[in-house]
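Numbering (the working numbering), first residue to last: 8 to 370. Backbone N, C-alpha and C define an ideal beta-carbon position, used for all residues, glycine too. So the structure is just underneath, and the comments pick up after that.
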């Protein structure tokens, strides 16, 4: 089997209303596909690509190196593309490699005739899950926050996450208090600052909200502030979770070495794809650390379900995206016990729904 072509398609659509986290506001959503075609008619599909900008240019740069390669040889291809003197190490070019690598693993699993999670280890088929939400929105006060998070619990969620970091600490402490009151004492409540704080501000926030029993404090500070993570861990009993902006096994090696992050949030669309994700998961397992991946539930349901140290899946519900359920032929839903199951189809399950995506295609 040989790679004969690489194609990119990207789609973008407006949200019903903008949402904000500790540092950023999002007015649109979207998806970018990379398709890897072969001479045997099997096509691998990855996500995280873009038609325009650095990622699209990087994929175009990599394409001649991919043509003629056997797509099963993911390790060979990864190291062929990741050449830090020229591309890779961190940033958008590594994200381009990630999209390609995800497509190669989708293709591998299709050739094997297996869902990716089973091909990678198949540790479980029902994954504990939390609903990601609690964003800042215009007109959204404590009552609306409580209605949102409480609604997730009524729908069967056993864990929920909310954003912090965009308003003064005392206001966010009140928001966390309101969230705990809405979900009750038995539902896991995660808080996520998206790197909005300095280390001492994160400590101040942690002191104010510890009584509301957060399950974790995600991305309290900038990802490269390893010393700051140490200081936070020394001063709070709330577990720190981070890693969604970390790259490759080398970045996670250094993050783990701080001894301050018991829960890692790797993102296969960022760190280097499935190939690198598996190395990070094994490195974490050797240190008895848990994996709770960030983003792209369609990909990460396979990756977190495959490993023994998978903790929980991040899940974005329908209200977060007007195209929810209309992007892929396979749509993940909550089971009645608050878990999510990987789709039992060969590969990952990223086949696009072209009939609904067509109006939003970027040229």
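So what's residue i in DSSP terms, helix, strand or just coil?
i	result
residue 7	Nothing can be reported for residue 7: it is not among the residues displayed for the chain, which extend from 8 to 370.
residue 121	coil
residue 37	strand
residue 70	helix
residue 27	strand
residue 313	coil
residue 143	strand
residue 265	coil
residue 249	strand
residue 270	strand
residue 298	strand
residue 100	helix
residue 354	strand
Taking 8 Å as the limit between beta carbons, can you name the residues of its chain near residue i, skipping five residues before and five after?
i	result
residue 220	187, 192 and 196
residue 291	259, 263, 271, 297, 298 and 316
residue 232	206
residue 137	164, 165, 166, 167, 168, 195, 197, 319, 320, 321 and 322
residue 31	201
Any idea which residues DSSP pairs residue i with across the strands?
i	result
residue 348	Beta-bridge pairing links residue 348 to no other residue.
residue 10	45
residue 368	18
residue 359	335
residue 167	138 and 196
residue 320	136
residue 50	44
residue 32	27
Using only alpha-carbon positions, find the residue among the options that is nearest to residue i.
i	options	result
residue 46	323, 17, 30 and 118	118
residue 318	277, 281, 339 and 269	269
residue 69	100, 133, 120 and 92	100
residue 145	28, 125, 85 and 324	28
residue 180	67, 209, 158 and 10	209
residue 41	310, 104 and 214	104
residue 333	170, 111, 32 and 367	367
residue 12	30, 31, 78 and 60	78
residue 62	304, 276, 121 and 349	276
residue 245	228, 218 and 116	218
residue 21	330, 43 and 344	330
residue 359	39, 26, 23 and 65	39
residue 227	314, 340 and 176	176
residue 49	362, 369, 354 and 363	354
residue 230	252, 111, 214 and 211	252
My understanding is that residue i touches residue j, with C-beta atoms under 8 Å, so please give their C-beta distance in whole angstroms.
i	j	result
residue 129	residue 167	That belief does not hold up - the Cβ atoms of residue 129 and residue 167 are roughly 28 Å apart, past 8 Å.
residue 127	residue 113	Actually they are not in contact, since the Cβ atoms of residue 127 and residue 113 sit about 12 Å apart, beyond 8 Å.
residue 236	residue 265	5 Å
residue 88	residue 74	That belief does not hold up - the Cβ atoms of residue 88 and residue 74 are roughly 13 Å apart, past 8 Å.
residue 199	residue 170	6 Å
Check whether the Cβ of residue i sits closer than 8 Å to any heavy atom of the ligand MN, and report yes or no.
i	result
residue 59	Questions concerning the ligand MN fall outside what the structure shown contains, since it holds no ligand whatsoever.
Below 7 Å CB to CB, which residues in the same chain sit around residue i once its five sequence neighbours on both sides are set aside?
i	result
residue 326	none
residue 346	133, 134, 135 and 136
residue 189	153, 156 and 157
By Cβ distance, which residues of its chain are closer than 6 Å to residue i, with the 5 residues on each side in sequence left out?
i	result
residue 37	18 and 19
residue 383	Residue 383 is absent from the model: the chain starts at 8 and stops at 370.
residue 351	122
residue 312	124, 131, 134 and 349
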